Structures are given as C-alpha cells and as structure tokens.
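What follows is one structure encoded as structure tokens, with my remarks underneath.
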Amino acid sequence: MPVALAVVAPVLSVPVAELKPVRVSRAGRECPVCASAPCSSPLDCAAEFSAHVWVACADCAGTGWDSTGMAIWCRVCGGSKIVEG
Ligand SMILES: [Zn+2]
Ligand SMILES: [Zn+2]
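At position 39 of the sequence shown the residue is numbered 39 (UniProt numbering), and the sequence of numbers has no breaks.
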C-alpha cells in the first residue's frame, strides 16, 4: 500500500543512533494501575490508585528491577515497585 509506505519511510530514514536515547527514556516504569508505560490515563489512574490498597512487590522486593537479569523492569510489577494488596 503506497499510503503505508509513505508513513513508514520517514521513520526508517532517522539514524538508529538518534532513535536509541529516545527509546530508552520512554521505556519507563509501568503505571501500577493500567500497566502501561507511560500511563495511558494519568488522571483516571490517580483516582483508581487512591481507591485501592498497594503493597511493595514481593518479586523484586520493592525495587522495581527485574531480578533475573533478562529484562530491565520487574515482570510482576513492571517497575512500578508496588502491586495491588
Ligand atoms: Zn495508568
Ligand atoms: Zn516487582
């Protein structure tokens, strides 16, 4: 499809070296409510967050880091450090 190619081409023309820092900075910790990074709806999640009880994630001991070394963020809490308690 010509339309799709026209959209993809400009993105691929950007050097990978320029994309990398952007990718890293956006790969942040997940929102504990919607499990998205960045949060898909900060206002809704803030309200939802206050309506639940949260405890430190047992899998990463509340650090948010993946303990297996296979990923950046904890696979249970997504780096948010907390899970619904
Ligand atoms: Zn959220
Ligand atoms: Zn965790």
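The beta-carbon is built from N, C-alpha and C at its ideal position, and this holds for glycine as well. Predicted model only: the values in this text are computed from it and were never measured.
Discussion item. Going by DSSP, what residue range makes up the alpha helix (DSSP H) through Ala46?
Written reply: Pro42 to Ser50
Practice prompt. Return the chain-ordered list of same chain residues with a C-beta closer than 6 Å to the C-beta of Ala71, the five sequence neighbours on each side being excluded.
Written response: none
Worksheet item: For Gly78, does the count of other Cβ atoms within 10 angstroms reach 16, so buried, or fall short, so exposed?
Response: buried
Worksheet item: Can you list every residue whose CB sits closer than 5 Å to some heavy atom of ligand 1, going in chain order?
Response: Cys31, Val33, Cys34, Cys39 and Cys45
Practice prompt. Could you pull the start and end residues of the beta strand (DSSP E) that Ala27 belongs to?
Written response: Element bounds for Ala27: n/a, residue is neither H nor E.
Worksheet entry | Under the three-state DSSP convention, the category Ile72 falls into | coil
Worksheet item: Would you report the Cα separation of Val55 and Lys81, rounded to the nearest angstrom?
Response: 9 Å
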